[in-house]
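Trainee: Heads up: the sequence lines are chains A and B, in that order. Counting from 2, one number per residue, gives the positions in the first sequence under the numbering used here. Counting from 2, one number per residue, gives the positions in the second sequence under the numbering used here.
Protein chains: 2
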Amino acid sequence: MFSKACEYGIKAIVFIAVKSRQDERVSLNDIAWAIDSPVSFTSKILQKLVKSNLLDSVKGSTGGFELKKSKAEKIKLSHVVSAIDGDSIYKGCGLGFHDCNEKKPCSLHYKFKLVRDDLRTMLESTSLLDLSNDINNGITFLKQN
Amino acid sequence: MFSKACEYGIKAIVFIAVKSRQDERVSLNDIAWAIDSPVSFTSKILQKLVKSNLLDSVKGSTGGFELKKSKAEKIKLSHVVSAIDGDSIYKGCGLGFHDCNEKKPCSLHYKFKLVRDDLRTMLESTSLLDLSNDINNGITFLKQN
DNA sequence: ATAATATCGGACAAAAATGTCCGATATTCA
DNA sequence: TGAATATCGGACATTTTTGTCCGATATTAT
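1. Applying the criterion that 16 or more other CB atoms from any shown protein chain within 10 Å of the CB defines a buried residue, is residue 110 of chain B buried or exposed?
2. Who are residue 67 of chain B's beta bridge partners in DSSP?
3. So with Cβ pairs under 7 Å, would you call residue 130 of chain A a contact of chain B?
4. I want to verify the contact list: residues of chain B whose CB lies under 8 Å from the CB of residue 39 of chain A, in sequence order.
5. Give me the Cα-Cα distance between residue 123 of chain A and residue 115 of chain B, rounded to the nearest whole angstrom.
6. With a threshold of 7 Å between beta-carbons, can residue 8 of chain B be considered close to chain A, or not?
7. For the region 69–87 of chain A and the region 96–110 of chain A, state whether three or more C-beta atom pairs, one from each stretch, are separated by less than 8 Å.
8. Does DSSP put residue 94 of chain B in a helix, a strand or coil?
9. Excluding sequence positions up to five away, which residues of its chain have a Cβ less than 7 Å from the Cβ of residue 127 of chain B?
10. Could you tell me whether the region 39–49 of chain A touches the region 11–29 of chain B, using the rule of 3 or more Cβ pairs below 8 Å?
11. Identify which residue in B:99, B:132 and B:137 has its Cα closest to the Cα of residue 145 of chain A.
12. Using DSSP's beta-bridge definition, name the partner residues of residue 107 of chain B.
13. Would you mind reading off the limits of the alpha helix (DSSP H) that contains residue 79 of chain A?
14. Are the beta-carbon atoms of residue 68 of chain A and residue 21 of chain A separated by less than 7 Å?
15. If I measure Cβ to Cβ from residue 143 of chain B and keep anything under 7 Å in the same chain, skipping five residues before and after, which residues do I get?
16. Can you tell me the Cα-Cα spacing of residue 87 of chain B and residue 93 of chain B, whole angstroms?
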């Protein structure tokens with residue numbers, strides 16, 4: 002479904018959202034430990050999210066990553082996925098056609114569209130705030146052990 | 002969403018289903034032309050589907066690939082996807098956890114589960130016969146041009 | 001100032017997915 | 001029987017994804 006990079010990216014930004022709401026800036030190492038991901042690879046993904054303006058980073062001794070509070074409810078999962086994997090997973094054709102639509106539908110079009118639009122709605126309506134709330138309330142987790 | 006191999010695999014087996022219902026056996030070259038896919042790569046994918054017992058192949062001069070008529074309505078998209086990509090796309094965790102469930106749900110679990118189960122239902126209820134019907138009726142296509 | 005510590009950026013490495021090539025094998029037809 | 005033609009199977013090549021390493025840069029605290 003999502004690439005590994007995207008899985009790490011979602012976990013990372015959600016973890017940052019959780020910490021940022023209590024004004025804690027987190028370092029790359031903290032993040033990688035918290036979500037159980039390879040440090041250097043995670044670094045690349047975070048850089049991409051920073052460049053996409055979804056995250057803020059601070060260099061130097063007490064630096065790290067943070068999410069401006071005002072962004073937590075504005076940033077949706079769709080933005081994160083789009084920044085890393087692109088939007089074809091929730092907007093594209095199931096069989097990979099570039100130009101598949103009602104006028105010229107691929108073999109899976111009608112059945113796939115329903116599912117894909119559900120995915121799209123889910124991604125576009127779920128905010129980082131929503132996800133960080135669930136974690137704060139102990140309902141969900143970012144790490145298995 | 003699906004791998005390239007899986008996209009080709011679905012197109013290929015649907016094309017074979019269409020031809021097989023009028024008792025036409027099709028060659029690898031015909032298939033690759035019909036679905037606009039790289040010939041040798043398609044060959045590998047078809048071999049996998051044959052080994053998974055979703056298809057039958059016949060060697061020799063008038064050989065090719067065919068789908069036993071009785072199989073067309075029994076084989077669902079889920080079987081094809083599972084043979085090529087595995088079933089994690091419609092059964093697995095959205096964040097890649099091996100052991101994500103109601104007891105220990107990942108951050109995306111509840112929202113993702115709804116979409117994933119829709120996908121699963123769609124894949125498990127759509128048969129090759131369904132898809133070949135739509136093509137026969139000129140409703141859908143396997144090739145863009 | 002300088003040392004410590006953090007991200008940034010580019011080069012590099014390994015693994016997986018995608019795609020190619022060709023000889024071996026099986027079947028049909030003349 | 002032998003030539004033609006199809007899939008099969010393995011080795012190989014390319015591209016993308018995943019992951020590592022390290023010097024450069026920026027910030028903080030001593």
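Glycine is no exception: its CB is placed at the ideal position from the N, C-alpha and C atoms. Computed from a prediction, not measured in an experiment: that's the story for all the values here.
Mentor: In short, the structure shows the following:
1. Per the 10 Å Cβ criterion, buried.
2. B:57
3. Cβ-Cβ to chain B under 7 Å: no for residue 130 of chain A.
4. The premise fails here: residue 39 of chain A is roughly 13 Å from chain B at the closest Cβ pair, so nothing lies under 8 Å.
5. 9 Å
6. yes
7. no
8. Three-state DSSP puts residue 94 of chain B in coil, outside helix and strand.
9. Only residues of its own chain outside the window of five on either side were considered, and among them 77 and 78 have a CB closer than 7 Å to the CB of residue 127 of chain B, listed in chain order.
10. no
11. B:99
12. A:142
13. 78–86
14. yes
15. 12, 15, 16, 35, 36 and 136
16. Approximately 10 Å between the Cα atoms of the pair.
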